[in-house]
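*Asks:* Sharing a structure, written as structure tokens. Questions coming.
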Amino acid sequence: MSILYKDEITRVDVLKSHGILLKFSSQILNSRYVVDGDMSVGKYRYVIAEFKNEVGSAPAQPFLEAIVYYVESTRELALENPRSPLSCLLLVIYGVCAIYQSIALIK
């Protein structure tokens, strides 16, 4: 993974070839957002992955984009379960870097 790829799709193909069990290109319920990859149980996402070929190669900053996806995916769930401790791992892969960050909404 620590090489540059010609595009994001090639990077995703490499992840698939290594057996990374992400669900690729899934839409967030009741929104227009589509995450690059995720792992979930039902409507609860526990991993959100964002891929960029290089920082600055797209208008959005990849880590902030992953945070927006998390907020959108938990918007309705947070109202139903305001004290839920369910967190999510954000996986951001761009260029030769991989960033892992845990996030949770706490009221």
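Taking the numbering used here, the leading residue of the sequence shown gets 4, the next gets one more, and so forth. Cβ atoms here follow ideal geometry from the backbone N, Cα and C, with glycine treated the same way.
In this structure, how does DSSP classify Arg78 when only helix, strand and coil are distinguished?
*Replies:* helix
*Asks:* Look at the alpha carbon of Phe54 and the alpha carbon of Arg86, and state the distance between them as a whole number of angstroms.
*Replies:* 30 angstroms
*Asks:* Between Ser34 and Glu75, which are expected to be in contact by the criterion C-beta below 8 angstroms, what is the C-beta distance as a whole number of angstroms?
*Replies:* Contact check for Ser34 and Glu75: beta-carbon distance about 5 angstroms, within the 8 angstroms limit, so the pair qualifies.
*Asks:* Is Glu79 buried or exposed, if buried means 16 or more other CB atoms sit within 10 Å of its CB?
*Replies:* exposed
*Asks:* From Cys11 to Asn56, what distance separates their C-alpha atoms?
*Replies:* For clarity, residue 11 is Glu in the given sequence; the question names Cys instead. Approximately 5 angstroms, taken between the alpha carbons.
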